[in-house]
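Shown next, in structure tokens, is the structure this report addresses.
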Amino acid sequence: MNIYDIIGPVMVGPSSSHTAGAVKIGYVSGKLLGEPVREARILLYGSFLATGVGHGTRKAIIAGLLGMKPDDIRIPESFVLAEERGIRFSFGEAELKEGHPNSAELLLTGETGKTLEIVGESLGGGRINIARIDGIATNFSGDYPTLIVHNLDQPGHVTEVTSMLGHKSVNIATMQLYRRSRGGDAVMVIECDQEVPEDGIRFLTHLEGIQKVTYLSLL
Amino acid sequence: MIYHSIEEIRNQAEEKQVPMWRIIMEKDREERQVSQEETFETMRAMYLAMKQADQAYNGALFSPSGLAGGDGEKLHAYNQTGNSLMGVYPSLVMEKAVKMGESNACMKRIVAAPTAGSCGVIPAVLLAYEELFGENEERMVEALFLSAGIGEVIAENASIAGAAGGCQAEIGSASAMAGAALVYLQGGSNEAITHAVAMALKNMLGLACDPVCGLVEVPCIKRNAAGAVNAVTAAQMALAGIRSAIPADEVVDTMRRIGNEMPVDLKETGEGGLAVTETGKRLRTHFEAENKN
Chain A
41 MNIYDIIGPV MVGPSSSHTA GAVKIGYVSG KLLGEPVREA RILLYGSFLA
91 TGVGHGTRKA IIAGLLGMKP DDIRIPESFV LAEERGIRFS FGEAELKEGH
141 PNSAELLLTG ETGKTLEIVG ESLGGGRINI ARIDGIATNF SGDYPTLIVH
191 NLDQPGHVTE VTSMLGHKSV NIATMQLYRR SRGGDAVMVI ECDQEVPEDG
241 IRFLTHLEGI QKVTYLSLL
Chain B
2 MIYHSIEEIR NQAEEKQVPM WRIIMEKDRE ERQVSQEETF ETMRAMYLAM
52 KQADQAYNGA LFSPSGLAGG DGEKLHAYNQ TGNSLMGVYP SLVMEKAVKM
102 GESNACMKRI VAAPTAGSCG VIPAVLLAYE ELFGENEERM VEALFLSAGI
152 GEVIAENASI AGAAGGCQAE IGSASAMAGA ALVYLQGGSN EAITHAVAMA
202 LKNMLGLACD PVCGLVEVPC IKRNAAGAVN AVTAAQMALA GIRSAIPADE
252 VVDTMRRIGN EMPVDLKETG EGGLAVTETG KRLRTHFEAE NKN
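So the protein sequences, as listed, match chains A and B.
For the first sequence, this note's numbering gives the first residue as 41, with consecutive numbering after it.
For the second sequence, this note's numbering gives the first residue as 2, with consecutive numbering after it.
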């Protein structure tokens with residue numbers, strides 16, 4: 041925490057958790073999709089569901105998906121802006137097990153048909169946690185360039201990914217590994233100190249056993 | 002430059018013979034590895050964002066719930082009648098605090114200071130001061146550094162989140178931060194600054210966070226007005242030479258203890274206090290139905 045967490049951030053109201061955090065969940069999800077959103081189904085949970093209208097939570101998530109940041113004064117008009125871009129969106133209730141009280145589940149389809157399922161949690165003060173991607177638990181803030189690799193749980197994939205990062209002079213800040221079952225679907229979440237170059241990401245997508253590569257760029 | 006208490010900020014300032022805000026700025030410079038100019042300009046940007054937010058107030062707007070809007074305009078009109086109960090300065094402080102709280106509820110851009118729910122207190126006290134006393138902008142930014150440092154210590158030793166410490170942690174902290182800034186602007190001593198912090202915070206101890214329907218509207222907006230005028234009260238007492246029997250850092254500790262002892266119902270859950278009054282519950286039932294549609 042520094043003095044600009046005390047005086048700041050500059051944000052569109054009314055709530056750092058229910059508005060600013062919701063914008064950030066939308067923003068990070070849109071970035072993770074990696075292409076313009078064509079369709080979004082947004083499921084709200086807990087306090088996000090109970091108080092969302094009064095806090096502008098729905099508008100905030102859509103604004104984030106459109107690439108707006110929490111201080112963008114167009115946030116209240118996000119529904120109109122999304123409709124103008126031909127984006128279809130709808131809302132519902134999320135059924136999460138032991139979800140954080142301020143959670144949203146986003147089911148996204150991009151322009152090329154790429155899909156992504158994300159559960160984001162708003163932790164307070166505008167900070168968020170991405171708790172699930174495509175059904176597998178994760179745990180990252182969206183404050184770093186983040187590489188998410190879905191792969192089969194086989195020996196060698198971690199080395200392939202970390203060697204690529206080393207080769208591209210990207211330093212790893214944090215790294216987490218998750219798997220659904222032994223030998224089944226696995227995911228690694230790597231927060232980096234530098235941006236990962238595009239050719240590095242493309243290289244990974246061509247490797248056998250790597251099913252999907254998602255990248256959150258802060259650029 | 003490291004500090005963990007208000008007393009430490011004061012002692013370091015007196016050892017180095019610089020104003021307290023400088024110690025706070027230097028700590029930020031070291032922590033974030035930025036130049037003096039960079040951090041000063043960042044703080045100036047925060048001040049200017051507050052000013053923009055104040056100017057962008059629209060008295061015709063209502064919040065999505067319909068519970069908030071238009072009250073700042075009413076205070077403005079009343080202040081123009083010449084019948085105000087208070088002097089020009091506290092009247093304008095109150096007006097600006099309500100306006101900012103309403104702007105926040107109406108999804109306008111504000112500066113969290115220290116939170117969105119308490120965003121009206123510090124700008125109200127500072128902007129009204131600049132407007133009426135003709136202070137230059139550099140000094141206003143310096144005062145804002147001082148507020149930030151006080152808030153930093155409160156966040157470290159107690160809390161600035163309603164969910165953790167109740168409303169005393171939000172409006173109370175904002176009020177203490179604003180009181181310190183006012184004493185600085187008026188040329189008060191470092192000692193007077195710390196006593197304004199102590200008195201402002203003492204007056205807000207025990208305040209519950211009990212928002213109706215869980216929204217940052219009732220009672221939050223009007224509490225911004227109370228917190229802002231309370232900052233003026235504390236600053237005026239400190240400048241007059243009145244001293245708090247309990248030092249500022251001990252008051253901050255007290256706020257933490259009270260916050261810990263406070264039932265969860267009174268900490269931003271919307272499950273207690275004003276939120277569960279007959280009217281509060283009726284509003285909640287109404288909005289919950291609306292939310293699910």
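Glycine included, each C-beta is placed from N, C-alpha and C at the ideal position.
All values derive from a computational prediction rather than experimental measurement.
Counting C-beta neighbours from all protein chains within 10 Å, is the total for L258/A 16 or more, i.e. buried, or is it exposed? Looking at its Cβ environment, which holds fewer than 16 other Cβ atoms inside 10 Å, L258/A is exposed.
Inside the segment 228 to 293 of chain B only - alpha helix (DSSP H) runs reaching at least 4 residues: Qualifying alpha helix (DSSP H) stretches, in chain order: 249 to 262 and 279 to 293.
Please state if the CB of M101/B and the CB of N225/B are separated by a distance shorter than 8 Å. With a cutoff of 8 Å on beta-carbon distance, N225/B and M101/B are scored as near each other.
Burial state of N142/A, where buried means 16 or more other Cβ atoms lie within 10 Å: Of the other Cβ atoms in all chains shown, 16 or more fall within 10 Å of the Cβ of N142/A; this residue is therefore buried.
Cβ of M108/B less than 8 Å from any chain A Cβ? Yes, because at least one Cβ of chain A sits closer than 8 Å to the Cβ of M108/B.
Per DSSP, which one or two residues make a beta bridge with G150/A? Note: G150/A sits in a beta bridge opposite V77/A.
Nearest-angstrom Cβ-Cβ length linking F288/B and S66/B, presumed shorter than 8 Å: Going by Cβ atoms, the distance from F288/B to S66/B rounds to 6 Å, so yes, they are a contact pair.
Step through the CB atoms of chain B and report whether any lies within less than 8 Å of the CB of H140/A. At a cut-off of 8 Å between beta-carbon atoms, H140/A makes no contact with chain B.
Cut-off 7 Å between Cβ atoms - residues of its own chain near E75/A, not counting five sequence neighbours on either side: The answer, listed in chain order, is G150, E151, T152 and K154.
Cutoff 8 Å; reference G132/A; Cβ partners in own chain excluding five residues on either side: If we look at G132/A and ignore the five residues flanking it on each side, its Cβ neighbours are R81, I82, L83 and L84.
Taking the CB atoms as reference points, tell me whether M205/B and S160/B lie closer together than 8 Å. Cβ atoms of M205/B and S160/B: not closer than 8 Å.
Consider the Cβ of G215/B: report whether some Cβ of chain A lies at a distance smaller than 8 Å. At a cut-off of 8 Å between beta carbons, G215/B contacts chain A.
Note down, in chain order, all residues in the segment 45 to 72 of chain A with a beta-carbon under 9 Å from any beta-carbon belonging to chain B. Per Cβ criterion, the list reads D45, I46, I47, G48, P49, V50, M51, V52, G53, P54, S55, S56, S57, H58, T59 and A60.
Test: E153/B CB closer than 8 Å to a CB of chain A: Chain A, which has a Cβ nearer than 8 Å to the Cβ of E153/B, makes this yes.
So, using beta-carbon positions, are G260/B and G180/B closer together than 8 Å? No. Outside cutoff.
By Cβ distance, which residues of its chain are closer than 6 Å to D112/A, with the 5 residues on each side in sequence left out? Taking D112/A as the centre and dropping the five residues before and after it, the same chain places no C-beta closer than 6 Å to its C-beta.
DSSP three-state label for L133/B, please. L133/B falls in the helix class under three-state DSSP.
Is the closest heavy atom of the ligand FMN to the C-beta of G166/A under 7 Å? For the structure depicted, the ligand FMN is absent and the ligand set is empty, with no information on it obtainable.
Looking at C-alpha atoms only, which residue of V198/A, K208/A and H207/A is the closest neighbour of Q216/A? Each of V198/A, K208/A and H207/A was checked against the Cα of Q216/A, and the nearest Cα belongs to V198/A.
To the nearest angstrom, how far is the alpha carbon of P237/A from that of K52/B? Near 40 Å, if we compare the C-alpha coordinates of K52/B and P237/A.
By how many angstroms is the C-alpha of E145/A removed from the C-alpha of I158/A? One Cα belongs to I158/A, the other to E145/A, and the distance between them is close to 6 Å.
I want to know whether the segment 268 to 280 of chain B touches the segment 239 to 259 of chain B - three or more CB-CB distances under 8 Å. Cβ pair count under 8 Å is below three, so no.
Are the segment 95 to 107 of chain A and the segment 52 to 71 of chain A touching by the rule of at least three beta carbon pairs closer than 8 Å? Touching, yes.
Along chain A, which residues have their Cβ under 9 Å away from the Cβ of V112/B? Against chain A, a Cβ distance below 9 Å from V112/B picks out I47, G48, P49, V50 and M51.
Taking Cβ positions, are D250/B and I7/B nearer each other than 8 Å? Yes, the pair counts as a contact, with Cβ atoms nearer than the cut-off.
Over what stretch of residues does the beta strand (DSSP E) that includes N222/A continue unbroken? Per the sequence shown, the amino acid found at residue 222/A is Arg instead of Asn. Here R222/A belongs to no beta strand (DSSP E), and DSSP marks it neither H nor E.
Give me the DSSP bridge partner(s) of H190/A. Bridge partners of H190/A: V227/A and K252/A.
Contacts around H190/A, its chain only, beta-carbon distance under 6 Å, and the 5 residues preceding and following it disregarded: Exclusion of the five residues before and after H190/A leaves V227, Q251 and K252 as the residues of its chain whose Cβ lies within less than 6 Å of its Cβ.
Thinking just about the alpha-carbon of each residue, which of Y67/A, D225/A and T254/A is nearest to the one in G104/A? Considering only alpha carbons, the answer is Y67/A.
Does DSSP put F180/A in a helix, a strand or coil? Here F180/A sits in strand by DSSP.
Contacts of N42/A in chain B (Cβ-Cβ under 7 Å): Within chain B, the residues near N42/A are D29, E32 and R33.
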